[in-house]
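To keep things clear, I will list the structure first and then write my remarks on it.
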Amino acid sequence: MAAQTHEEILKTFRETLFAEGILHEGDTIGTDDETLLRFLRARKFNLAQAKTMLVNAQNWRKTVNGTGLDKLYSEMDPFDYPEREAVFDCWPLYFHKTDKTGRPVNIHTFGGVDFPKLYKTCTPERHWESVIVNAECLTREVLPASSRLAGRPVGTVLVIVDLKGFSLSKFWQMKNLARSSFQISQDYFPETMGQLAIVNAPSSFTFIWSIMRPWMAKETAEKVDILGHDYRQRLLDMVDADSLPKTLGGNCECEGGCHLSSVGPWLDGRVGWGPKSKTKTADKDTSTTSAGTTEIAEPNGVLEKEDSLDVDSGLAESNGKIEHPVIDQ
1 MAAQTHEEIL KTFRETLFAE GILHEGDTIG TDDETLLRFL RARKFNLAQA KTMLVNAQNW
61 RKTVNGTGLD KLYSEMDPFD YPEREAVFDC WPLYFHKTDK TGRPVNIHTF GGVDFPKLYK
121 TCTPERHWES VIVNAECLTR EVLPASSRLA GRPVGTVLVI VDLKGFSLSK FWQMKNLARS
181 SFQISQDYFP ETMGQLAIVN APSSFTFIWS IMRPWMAKET AEKVDILGHD YRQRLLDMVD
241 ADSLPKTLGG NCECEGGCHL SSVGPWLDGR VGWGPKSKTK TADKDTSTTS AGTTEIAEPN
301 GVLEKEDSLD VDSGLAESNG KIEHPVIDQ
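Under the UniProt record's numbering, read the sequence shown as residues 1 to 329, first letter to last.
Here it is as structure tokens:
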């Protein structure tokens with residue numbers, strides 16, 4: 001008997017998930033082919049293993065934070081929440097336009113990590129929530145918008161990690177949080193990292209990499225390019241100069257800073273639900289009810305899902321619920 005093709009396995013996978021009530025139309029994890037293929041690729045198209053992985057992801061989504069991911073997302077707009085500027089001041093992590101192949105670009109500036117400063121204005125628990133909604137934002141909003149712009153499915157992200165100013169002391173601060181973030185990505189948002197470019201790697205990174213490398217499988221590590229300080233042309237080979245922040249050798253200088261702009265197709269026509277969006281809505285588009293009161297529509301945070309900071313499915317399988325990580329300060 002001939003082996004099933006990937007298309008046939010995908011068809012069987014979809015039918016099984018719906019028949020067993022694991023997946024339902026409208027589930028925000030995504031019911032499109034690209035989403036299901038990510039779970040299949042993560043388990044080398046082994047149907048039983050891919051189903052287990054998706055079941056675990058669905059269960060996590062229902063229970064994370066004690067309320068479930070959909071509720072958390074509806075309460076915390078990833079592009080507009082009160083602590084966002086404080087978070088980005090201490091750990092800039094943002095989406096910024098797309099690369100030459102249409103992939104969204106996700107930039108991490110680890111040299112700016114300063115958790116003691118951050119936790120004076122934002123609790124560790126609240127920061128962890130921002131990490132979760134950022135991961136969800138990639139698959140729920142960023143990749144679908146990138147796909148619409150490209151006119152074809154875009155299922156992976158280009159991650160650029162800038163280590164300028166990074167040190168061993170900063171690494172020890174963020175090690176547990178980074179490890180937990182990797183784990184969430186590989187368990188619940190698999191196969192979404194297309195490439196990881198590490199720039200401005202300091203001499204100490206050899207030691208740091210020796211700690212991080214075991215977190216990744218061979219397939220994941222092969223997607224990592226460790227660059228030194230002469231990285232500009234390598235990045236420009238992947239990203240147009242006008243789409244790359246000036247701080248990384250490009251021409252882009254967004255008003256207020258690229259790290260806060262989150263500019264990209266995912267913002268086109270987007271109606272947010274954070275405090276800034278509500279203020280704009282109140283100022284520009286209020287409507288008076290028949291009782292004479294002002295009513296403003298409140299988005300529920302559940303957006304259309306079409307199509308991912310995996311760092312990817314190559315990590316060791318987690319052995320249980322991922323709690324808020326302990327931060328070494």
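Note that CB positions come from ideal geometry on N, CA and C, so glycine has one too.
Rounded to the nearest angstrom, the gap between the Cα atoms of I211 and V263 is 33 Å. Looking at the DSSP output, V239 bridges to nothing.
Scanning A3, F205 and K51 for the CA closest to the CA of F13 turns up K51. Look at M53 here: in three-state DSSP terms it is helix. Approximately 5 Å separates the beta-carbon atoms of M76 and V133; this is inside 8 Å, confirming the contact.
About 5 Å separates the Cβ atoms of I198 and I226, confirming a contact at the 8 Å cut-off. Here T109 has P92 and D162 as same chain residues with Cβ atoms under 6 Å from its own Cβ, once five neighbours each way along the sequence are excluded. Non-local beta-carbon contacts of V157 in its own chain, meaning distances under 7 Å to residues more than five positions away in sequence, involve R103, P104, N106, L138, T192, M193, G194, S308 and L309 in chain order. Excluding its 5 nearest sequence neighbours in each direction, G272 has C-beta neighbours in its own chain below 8 Å: D77, F79, D80 and P299, listed in chain order.
Unbroken beta strand (DSSP E) stretches of 3 residues or longer found wholly inside the region 15-99: 93-98, given in chain order.
About 7 Å separates the Cβ atoms of I160 and L248, confirming a contact at the 8 Å cut-off. In terms of Cβ geometry, N200 and K223 do not form a close pair [threshold 8 Å]. Burial state of L168 is exposed, judged by a 10 Å Cβ sphere holding fewer than 16 other Cβ atoms. Comparing alpha-carbon positions, the option among I22, E129 and D268 lying closest to L72 turns out to be E129.
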